[in-house]
Amino acid sequence: MLCDPAQYEDANTRPSHQGSRLQVVTAGATAGLISRFVIAPLDVVKIRLQLQTHSLSDPFSRAGLPPNAPVYKGTLPTMRHILRHEGITGLWKGNVPAELMYVSYAAMQFTAYRSITVLLHGALGEHRVPKAVESFVAGAGAGAAATAATYPLDLLRTRFAAQGVDRVYSGLFRAVADIQRDEGARGFFRGLGPGLAQIVPFMGLFFAIYEGLRVPLGQLDLPLGSGDATAGVVASVIAKTGVFPLDLVRKRIQVQGPTRERYVHKNIPAYDTGAVRAIRMIVAKEGFRGLYRGLTVSLLKAAPASAVTMWTYERVLNFLVGNAAEEGAHKAVE
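And the structure:
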């Protein structure tokens, strides 16, 4: 999972009196929680499309599949298929580990970004690097730390979202116990390599575009009251497209292991030789388009996720800062 750097940019640029560390963490965690719930159905659709190796137009690619094997094509048809066969709760499969992941990830990312920025200021002293470089380093470090720390929850989210009518895991605790028993501790970190490999190119693309658009867009009268938010959405869409193949490979590696053939797609190939080999296998079997399955819904998800996160973060932080200031004024009067 990669959150937009614009979501925690203000944690560094906001003056200290406009948000303590605890207030920034609380606002970031709340924003992640609400944003995740809103975009959960799109996330389930994206994962289903990413894991699908067969196509609607090529019947030979579906050879050997059960007669009732789902064939997804497009965001809305996939959503309708899930609703028809699994009910509305099917669109929120994996939401519990995902909510835990988003809250933890957002809080850690905001905190790590701020801490790394402070460390850079202390280490470099008067020899300050350009703002774009500082943001890139802090953003990449924060993303890597948060990704590694919350990765088991990301893997659980993917496996639950990949379940069809026949459940692989009966619940979150049962899933943790089964993975530990059958796959060991390493099973919780399948696909971590491509997950971490996404971060540096994502941050590089993001900040190159974000810094170029932020100032000119800030001079315009835009929705959400902020050119930063709009620049963040545009930069996020372009950056996500650039690293999307790594995200798809990560998802497919996450469902490897003894349960691989029990998910909604029964024909997920075995990718046991690493991310590079997995990419070659996908291109050989599905073409370059195979690396971008689910891209459309991923991009559709980026805009509302960024908008909801930024909107919630700003308002929660302002609320917390306002309450703290009001309490301070009352104590001063007393």
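For the sequence shown, position 129 matches number 129 in the UniProt record's numbering, and the numbering has no gaps at all.
Each residue gets a CB set at the ideal place from its N, CA and C atoms; glycine is no exception.
Check, Outcome
"Indicate whether Ala27 and Tyr313 have their beta-carbon atoms separated by less than 8 Å.", "yes"
"Taking buried to mean at least 16 other C-beta atoms within 10 Å of its own C-beta, is Thr13 buried or exposed?", "Since pLDDT at Thr13 reaches only 47, below the 50 mark, its modelled position is unreliable, and the value read off the structure follows with that caveat. Per the 10 Å Cβ criterion, exposed."
"Closest to Gly96 by CA distance: which of Arg252, Asp182, Ala229, Thr158 is it?", "In the sequence on display, residue 96 carries Val and not Gly. Cα-wise, what sits closest to Val96 is Thr158."
"Of the choices Gln180, Asp178, Gln198, Arg128, whose alpha-carbon is the least far from that of Thr147?", "Gln198"
"Looking at the structure shown, is Thr265 part of a helix, part of a strand, or coil, going by DSSP?", "According to the sequence displayed, residue 265 carries His and not Thr. Of the three classes helix, strand and coil, the one that applies to His265 here is coil, per DSSP."
"Can you give the beta carbon distance from Leu246 to Pro194, rounded, assuming they're within the 8 Å contact cut?", "4 Å"
"Nearest-angstrom Cα distance between Leu248 and Arg293?", "8 Å"
"Restricting to Cα atoms, I'd like to know which of Ile282, Gly232, Ile116 is closest to Ile209.", "Gly232"
"Give every residue of the same chain whose Cβ lies closer than 6 Å to the Cβ of Pro258, excluding the five residues on either side of it in the sequence, and list them in chain order.", "Asp182"
"With a Cβ-Cβ cutoff of 8 Å, do Val45 and Met79 count as a contact?", "yes"
"Check each candidate in Gly287, Val255, Val103, Val276 and name the one with the smallest Cα separation from Phe160.", "Val255"
"Between the segment 295-304 and the segment 40-54, do at least 3 Cβ pairs fall closer than 8 Å?", "yes"
"Please work out which residues of its chain come closer than 7 Å, Cβ to Cβ, to Gln52, disregarding the five sequence neighbours upstream and downstream, and give them in chain order.", "Tyr72, His265, Arg293"
"Excluding the 5 residues preceding and the 5 following Pro269 in the sequence, name in chain order all residues of the same chain whose CB lies nearer than 7 Å to its CB.", "Thr53, Met281"
"Mind listing, in chain order, the continuous alpha helix (DSSP H) runs of no fewer than 4 residues lying wholly within the UniProt repeat \"Solcar\" (223-319)?", "227-254, 275-286"
"Can you find the residues in the same chain that come closer than 8 Å, C-beta to C-beta, to Ile279, ignoring five residues on each side of it along the sequence?", "Pro245, Val249, Leu291"
"Out of Leu156, Ala162, Arg128, Val118, point me to the one whose CA is closest to Gly141's CA.", "Val118"
"Evaluate Lys285 with the Cβ neighbour count: other Cβ atoms within 10 Å of its Cβ, from every protein chain shown; 16 or more gives buried, anything less gives exposed.", "exposed"
"Below 7 Å CB to CB, which residues in the same chain sit around Lys240 once its five sequence neighbours on both sides are set aside?", "Ser298, Leu299, Ala302"
"Is the separation between the beta-carbon of Pro304 and that of Ile82 shorter than 8 Å?", "no"
"Which first and last residues belong to the alpha helix (DSSP H) in which Asn68 is found?", "That residue, Asn68, is in no alpha helix (DSSP H); it is neither H nor E in DSSP."
"Under a three-way DSSP split, which group does Tyr113 fall into?", "helix"
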